[in-house]
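Notes to accompany the following structure.
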Amino acid sequence: MGLSTRRSAATARGGSLTRRILLRGAFAMGMIAGTAGALAPILGKRAAEAPGTADGPAAAGTAKAPGTEPERYAERFAETYRGRHIQGTARGTRPARAAAARRVAAGDAMTVTAVRDVEVRIDGRPLHVMRRADGSYLSLVNHYESFPTLLDAARAAVDELGGAQLSTSPLHRL
Amino acid sequence: MVYIRKNQRDLTRTEKKRFVSAILELKRSGRYDEFVTLHGQYYVTDDEEGPRASHMTPSFFPWHRRFVLEFERALRAVDPGVTVPYWDWTKDNSPASSLWAEDFLGGTGRAGDGKVMTGPFAHANGNWNIRARVGDGSFLTRNLGRPSDPVSLPTRREVAKALSDPLYDAAPWNSTVAKGFRNTMEGWGRGGTVRTFHHNRVHRWVGGVMLGATSPNDPVFWLHHAFMDLLWDRWKKAHPRSGYLPRRKLPASDPQHGRVFSLHEPMPPWNVTPAQVLDHSRVYRYA
Ligand SMILES: [Cu+2]
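Protein chains in written order, with the working numbering: chain A, 1 to 174; chain B, 1001 to 1287.
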């Protein structure tokens, strides 16, 4: 039984990475020039765990009862690390329903994510970064280890790259 | 006809040679890079919406079983005598192991850029040009054991401990689950404290391209995942009353609904369910 052959496998195109690079590209335009001043990393901040009644993200700035407020996070940095220029921004909002969802699921995994933008560059070249459900980050250079902050992920990527530059178009080749 | 997957340390010279030749032929034909691409495309994290078949998910084991099997089929189409060997990294746990010798996978990378200089996959031979890549070099890279900040491979005892857990997986069915065989073996630490263990740690130990989303660019990927596959068998044998979880499709109220694959939900890209790959004994066995 079981392991019957069905080809088509490797020719199927998931499209997921393509989608992500597009999102990231659009974000890069707006963000790098945008928000002035470093936002202190407020990662790890959790919204109050009250019953979530809203079923969509509430509009930013709107006063809401605890638990219906979307949860926001942001991080921004630019520095020279081991001779390489690294810069990054992460900001996003988790909808209020995430808090309720978390209580349904065992543990404290943040399982529902809404708006979110992450951008990292090493010597000006984009480094693809992904988030884990616990809010930590992985990069395309290091997919089997995650880091508590975007800055940690960027530095680890530099460590791993040694002297190499990032490929200008890794995802076109993926 | 059932065929056998052997421990790589038990391969004869000829078996090693044929395995390497079949890989190089897949590479030449372009088929190898399709596997690399597929792995990169399906690496979706648990922070993203949408289905997650290959990593940070209960179907980590069945998805990779099928993935290695597809690769093995491609190899056997080139040379029907070839099977994927496994690398028991609890035993062959040093860069001095015969796995990394000139006549098999070649050794670690040189200082600076991590370029692998020895063995059949060394760039200078002209047979191993990396296309789906992260850095600007098109050569295979490794950093075995990461001497500058050493990592060790998982030990027998650590693996035995993971195998002793009768629970396959648990809610929330992602990389944050603190119990269960699947996530312990996949090796996700929590929020950057213990950063990597077990399966992930092996990728970390090899370093170079094995650490990226396109890790199958290093042929050791298949030997590592064949051993993971064997460990899944051992777990099943140790816990005959346990099984794959979740057994049923998660209800719409569950945050992981539509994102993880229960026992009878078909996994992309092959449309096979975890249940359909549980028994491989009529296809291959481990020596
Ligand atoms: Cu792996």
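Ideal Cβ placement from N, Cα and C applies to all residues, glycine included. Note that the structure is a prediction, hence the values are computed from the model and not measured.
Nearest candidate by alpha-carbon position, reference residue i, set the options
i	options	result
D1092/B	V1177/B, A1022/B, N1217/B, L1144/B	L1144/B
A1170/B	A1162/B, R1182/B, V1159/B	R1182/B
K1247/B	P1058/B, R1009/B, E1049/B	Here the sequence assigns Arg to residue 1247/B, which means Lys is not the residue at that position. Of P1058/B, R1009/B, E1049/B, the residue nearest in Cα terms is P1058/B.
E1072/B	A1022/B, S1281/B, A1213/B	A1022/B
V129/A	H1257/B, H1239/B, T1045/B	T1045/B
T1118/B	R1131/B, R1133/B, L1099/B	L1099/B
P1274/B	R1131/B, P1062/B, A1077/B	P1062/B
D117/A	T93/A, R84/A, E145/A	T93/A
P1080/B	A1111/B, A1122/B, V1177/B, Y1003/B	Y1003/B
A1074/B	D1254/B, A1238/B, L1250/B, L1024/B	L1024/B
S167/A	R72/A, I122/A, R82/A, A74/A	I122/A
T1176/B	G163/A, G162/A, A156/A, D134/A	D134/A
R1133/B	P1095/B, D1233/B, S1215/B	S1215/B
Y1043/B	D1254/B, S1029/B, H1064/B, D1033/B	H1064/B
R72/A	R91/A, H85/A, L161/A	R91/A
F1060/B	W1232/B, S1253/B, L1250/B	W1232/B
S1029/B	R1142/B, Q1041/B, W1128/B, A1178/B	W1128/B
W1138/B	P1251/B, K1237/B, D1033/B	For the sequence presented, residue 1138/B should be read as Ser rather than Trp. Nearest C-alpha to S1138/B: D1033/B.
P1172/B	I1130/B, F1121/B, R1259/B	R1259/B
F1121/B	D1254/B, V1272/B, N1217/B, R1285/B	N1217/B
Residue environment, residue i, which counts as buried when at least 16 other CB atoms sit within 10 Å
i	result
D1047/B	buried
S1262/B	buried
T149/A	buried
G1126/B	exposed
T80/A	exposed
R76/A	buried
S136/A	buried
H143/A	buried
M1001/B	exposed
W1235/B	buried
T1012/B	exposed
P1219/B	buried
R1201/B	buried
P1150/B	exposed
M1267/B	buried
P1240/B	exposed
H1257/B	exposed
G163/A	exposed
K1115/B	buried
V1036/B	buried
P1147/B	exposed
D1279/B	exposed
R1142/B	buried
Within chain A, partners of residue i - CB distance below 7 Å
i	result
G1112/B	G162, G163
A1213/B	L140, H143
N1200/B	Y144, E145
H1264/B	Correct list: empty, because the minimum Cβ distance to chain A is about 13 Å.
T1196/B	Y144, E145
R1204/B	Y144, E145
CB-CB length for residue i against residue j, believed under 8 Å
i	j	result
L127/A	S139/A	5 Å
G1135/B	Q165/A	7 Å
A78/A	V120/A	About 11 Å separates the two Cβ atoms, so there is no contact after all.
E1186/B	H1199/B	5 Å
T1108/B	P1154/B	Incorrect: roughly 19 Å between the Cβ atoms, too far for contact.
L1140/B	G1207/B	The Cβ separation is near 11 Å, so there is no contact.
W1188/B	V1068/B	Contact doesn't hold; Cβ gap of about 21 Å is too wide.
R1066/B	W1270/B	6 Å
V1078/B	L1038/B	About 18 Å separates the two Cβ atoms, so there is no contact after all.
V141/A	L1211/B	7 Å
A982/B	T1184/B	No information on residue 982/B is available, as it lies outside the stretch 1001 to 1287 that chain B covers here.
8 Å Cβ cut-off: residues of chain B touching residue i
i	result
R84/A	Those within 8 Å of R84/A in chain B number zero; the least Cβ separation is about 13 Å.
Within chain B, the residues that residue i reaches when beta carbons sit closer than 9 Å
i	result
R132/A	T1045, D1046, D1047, M1056, N1174, S1175, T1176, W1188, G1191
L166/A	V1134, G1135, D1136
Near ligand 3: residue i beta-carbon under 6 Å from a heavy atom
i	result
R1248/B	Ligand 3 is not part of this structure, which contains only ligand 1.
Neighbour flag for residue i against chain C, beta carbons, 7 Å
i	result
N1271/B	You won't find chain C in this structure, because its protein chains are A and B.
Exercise. If we count Cβ pairs, one from each stretch, closer than 8 Å, do we get three or more for the segment 1079-1099 of chain B versus the segment 1219-1234 of chain B?
Worked result: Touching, yes, given that three or more Cβ pairs across the two stretches are closer than 8 Å.
Exercise. Is the segment 1037-1054 of chain B touching the segment 1003-1018 of chain B, taking contact as three or more C-beta pairs under 8 Å?
Worked result: No, because fewer than three Cβ pairs between the segment 1037-1054 of chain B and the segment 1003-1018 of chain B fall closer than 8 Å, the two stretches do not touch.
Exercise. So, do the segment 1163-1180 of chain B and the segment 1238-1257 of chain B have three or more beta carbon pairs nearer to each other than 8 Å?
Worked result: Taking 8 Å as the limit for Cβ pairs, the verdict is that the segment 1238-1257 of chain B does touch the segment 1163-1180 of chain B.
Problem set entry | Any 3 or more C-beta pairs closer than 8 Å across the segment 1098-1105 of chain B and the segment 1010-1025 of chain B | Touching, yes, given that three or more Cβ pairs across the two stretches are closer than 8 Å.
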